[in-house]
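Okay, so here's the structure we're looking at.
Pasting the structure below:
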C-alpha cells in the first residue's frame, strides 16, 4: 500500500502513528538521502515493508507491480496529481484500489475527481457529482 500525503512533515507524523501501531511501515521523502530512499524502495519491493508513506515524489516514475492499494490521505492538489497517485496501483493488468480522503475544505475539488471516476466507469455517489 502507498499512502500519499502533502508534505514531509505530514509524512513523518503519519509514520510515527503507524509505526507505533506495529505496522511494517516506512516513510520516503526528499529529506532522505538517495541511498536511504533506494534501500526503502528495495525493502518495499521484496515485501519487508507493507506500507509506504510518501509525498508526490513517488507518484511518478517508479513502478511497483505489487501495489494493490493507494490511499490519498491528503487530498491531491490537482487532477494530474490524483491520476499519477492512483496510477501506482493495478499495474500490469493487476487489480488495484484507490481511496481518497477529503475534508470540508477539500469539497470544492471533489466533483472534478468524481467526474473523472464516472467517466472511467466507476460508481460514484450522486451527492459527489452535485457538489459545487
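In this note's numbering, the protein residues as written are 1250 to 1381. Glycine included, each C-beta is placed from N, C-alpha and C at the ideal position.
Which residues in the same chain as residue i place their Cβ atom closer than 6 Å to its Cβ, once the five residues preceding and following it in sequence are excluded?
i            : result
residue 1257 : 1278 and 1280
residue 1362 : 1331
What residue range does the alpha helix (DSSP H) around residue i cover?
i            : result
residue 1347 : No alpha helix (DSSP H) holds residue 1347; the beta strand (DSSP E) holding it covers 1346 to 1349.
residue 1272 : Taken as a continuous stretch (DSSP letters only), residue 1272 belongs to no alpha helix (DSSP H), as it is neither H nor E.
residue 1357 : 1356 to 1368
residue 1284 : 1283 to 1294
residue 1380 : Neither: residue 1380 is in no alpha helix (DSSP H) and is coded neither H nor E.
Residues bridged to residue i by DSSP?
i            : result
residue 1253 : 1303 and 1321
Apart from the five residues just before and just after residue i, which ones in its own chain have a Cβ nearer than 8 Å to its Cβ?
i            : result
residue 1318 : 1250, 1251, 1338, 1345, 1346, 1347 and 1348
residue 1357 : 1380 and 1381
Taking the Cβ atom as the reference point for each residue, do residue i and residue j lie within a distance shorter than 8 Å?
i            : j            : result
residue 1274 : residue 1260 : no
Look up residue i in the DSSP assignment and say whether it is helix, strand or coil.
i            : result
residue 1311 : coil
residue 1335 : helix
Suppose the cutoff is 7 Å on Cβ atoms and the five residues either side in sequence are ignored; what does the same chain contact list for residue i look like?
i            : result
residue 1341 : 1314
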